[in-house]
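>
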Amino acid sequence: MDRITQAANPDPECLNELLFADDQALFSPDKDTLQEHINQLNRQCEAHGMRINIKKTEAITISRNETTTAFNIEGNALLNATEFKYLGSIFTKDGRIDREIEVGCQKANSIIYQLAPLLKHESIPIATKAKLINSIFLTT
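Under full-length UniProt numbering, the first residue of the sequence shown carries the number 1, and numbering increases by one thereafter.
Here's what the structure looks like:
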């Protein structure tokens with residue numbers, strides 16, 4: 001996969017893709033350069049007997065303005081997402097982190113709710129409860 005992404009990269013001097021296992025994210029400040037990167041990646045994949053799954057491929061335009069840019073693979077339009085998650089981080093089309101904070105708070109509330117019976121249990125020392133909370137929240 002490294003050879004494919006290197007061959008498809010329109011500008012090797014610029015960080016314009018993220019790779020982890022079978023996940024890949026391409027980005028560019030210019031829509032035409034990004035479309036060319038998508039085209040080159042598609043050609044390289046096909047040359048190596050692989051196909052990009054269009055149903056699993058999404059595009060997002062991150063901008064302060066209400067902007068949506070259409071991207072495609074061989075004329076097949078990619079889904080325009082309003083947000084996407086990559087390695088646990090949430091990217092939204094307005095570029096703000098509000099959604100990331102909201103999801104983090106929801107996860108924390110869920111954990112506290114699940115721990116409530118233990119935290120309310122009188123026979124468990126406060127020091128043990130503190131260690132439990134610290135081990136969960138300081139590691140995430």
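Where is the CB? At the ideal position from N, CA and C, for every residue including glycine. Computed from a prediction, not measured in an experiment: that's the story for all the values here.
Go ahead and pull the three-state DSSP assignment for N72.
strand
> With 16 as the cutoff for other CB atoms within 10 Å, does L38 come out buried or exposed?
Checking the sequence shown, residue 38 turns out to be Ile, not Leu. I38 should be labelled buried.
> Please state whether DSSP places F20 in a helix, a strand or coil.
strand
> Can you tell which of L34, N16, L118, D94 has the C-alpha that lies nearest to the C-alpha of N65?
D94
> Could one say the Cβ of D23 lies closer than 8 Å to chain C's Cβ atoms, at least one of them?
Protein chains in the displayed structure number just one, and chain C is not present.
> I need the DSSP call for I136, collapsed to helix, strand or coil.
helix
> Assuming contact is defined by CB atoms lying nearer than 8 Å, are R99 and I111 in contact in what I supplied?
no
> DSSP three-state label for K93, please.
coil
> Please report how far the alpha carbon of F71 lies from the alpha carbon of E83, in whole angstroms.
16 Å
> Quick one: give me the first and last residue of the beta strand (DSSP E) that K56 is part of.
Where K56 is concerned, there is no enclosing beta strand (DSSP E), given that its DSSP letter is neither H nor E.
> Can you tell me whether A81 is helix, strand or coil according to DSSP?
coil
> Would you kindly check if the distance between the Cβ of I101 and the Cβ of N76 is under 8 Å?
The Cβ atoms of N76 and I101 do not sit closer than 8 Å to each other.
> Between which two residues does the alpha helix (DSSP H) harbouring P117 extend?
98 to 120
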